[in-house]
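Under our numbering, the first residue of the sequence shown is numbered 431, with each subsequent residue one higher. Cβ coordinates follow ideal geometry from the N, Cα and C atoms, glycine included. To start, the structure under review is shown below, and the notes come after it.
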Amino acid sequence: MLKSMTGFGRSEFVNEDYDLTFEIKTVNHKFLDIQIKMPYFLNFCEDKIKNKVREKIQRGRVEIFIRGKQKFDLKTSSLDINLDLAKAYLDAYQTISKQLGFENSINFGNIIKNENIVEIKTDNIDEDFLKENVLSSIDKSLTEVVNMREIEGENLKKDLENNILLIEKNLENIKKNSKDVLNNQIEKLTQKIKSFSNELTETEINRLNLEIIFYTDKLDINEEITRLYSHIENFRKFLESKFQIGKKMDFLLQEMNREVNTIASKSNSFLISNYVIEMKVTLEKLREQVQNIE
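Right, here's the structure in full:
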């Protein structure tokens, strides 16, 4: 199933000791990039969380936000006050006030609300219990993320199918006109030679005829057309693939763009040039869409 790299999921874990919320946001990225922001007392879970993500997501930037706190209990908890950090914040406030000419009206609450000045310390943390519930909550959020990525992927697939169909239609029009264009080029060159054939020797005429064959062979775009049809077929196979195919599709579109550019350089036809322009515009749309496929 085609998957987008855009998704979002949310879950909660609340009991008598903890009040935690989990949010996961994913966006497009060349590789799998996992970023986690969480309270210090969950640091021991970081590797397990990343492994859980890797089980369900293969590509994209994954941002995980775990917010919340340990609930305070006099029997098992205490407040840890970082006085050195509080003094550093106080000195910073005073320096800023002095430098900017503000009245030094520092509120006590402005200092203690800063992160890590006052923290809850729990004597006995049941790490196994906490890890189990954290990973369960992460799993719930990831399920929402994956569901959203699949829904978005299906919408992307429809657009990709429509755009690849446009590419194919323009290619069919190029194929229909390519033979006439080539014959017209040959006819023009032949007429040119006839116009001054009386001034040339038989050997020179034969040499020019060989040059025409060589030149018109360079103008032939049948090979490029055949390769483009093959690329279109492979692209459609990728759309039905169950595996990670974003990078492969991007590479395939680069190859298609190369063939279209070659057709443009070989063909000296206004009509074919118009079809080429349409194909290049559609290819650019496809490449933008593929950037968000896992």
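Review point. Taking 7 Å as the cut-off, is the CB of Ser660 close to at least one heavy atom of the ligand FMN?
Key: Ligands in the displayed structure: none, and consequently the ligand FMN is not present.
Exercise for review: Look at the alpha carbon of Ile487 and the alpha carbon of Ile542, and state the distance between them as a whole number of angstroms.
Suggested key: 39 Å
Check your understanding: Run through DSSP, which three-state label would Arg489 get?
Key -> Look at Arg489 here: in three-state DSSP terms it is coil, with no helix or strand label.
Exercise for review: With a threshold of 16 other CB atoms inside 10 Å of the CB of Lys482, please say whether the residue is buried or exposed.
Suggested key: buried
Check your understanding: Opposite Val457 in the DSSP bridges: which residues?
Key -> Arg491
Exercise for review: Let me know if Ser660 comes out buried or exposed under the rule of 16 or more other beta-carbons within 10 Å of its beta-carbon.
Suggested key: exposed
Check your understanding: If you check the beta carbons only, do Leu683 and Leu713 fall under 8 Å apart?
Key -> yes
Point to revise | Reduced DSSP category for Leu462 - H, G, I as helix; E, B as strand; rest coil | key: Residue state, collapsed to three classes: strand.
Check your understanding: When the distance is taken between beta carbons, is Ile662 closer than 8 Å to Leu432?
Key -> Not a contact, by the Cβ cut-off of 8 Å.
Practice item. Note down, in chain order, each residue of its chain lying with its Cβ closer than 7 Å to the Cβ of Glu549, except the 5 sequence neighbours on either side. Key: Asp510
Exercise for review: Could you have a look at Glu442 and say whether DSSP puts it in helix, strand or coil?
Suggested key: strand
Practice item. Assuming Ile693 and Ile604 form a contact by the criterion Cβ under 8 Å, report the distance between their Cβ atoms to the nearest whole angstrom. Key: So it is a contact: roughly 7 Å between Cβ atoms.
Review point. Would DSSP call Asp558 helix, strand or coil?
Key: helix
Point to revise | Within 8 Å, strictly: CB atoms of Cys475 and Val575 | key: no
Review point. Roughly how many angstroms separate the alpha carbons of Ile494 and Glu653, rounded to a whole number?
Key: 49 Å
Check your understanding: What alpha helix (DSSP H) runs, 4 residues minimum, are completely inside the region 693-723?
Key -> As far as the region 693-723 is concerned, its whole alpha helix (DSSP H) runs of at least 4 residues are 700-720.
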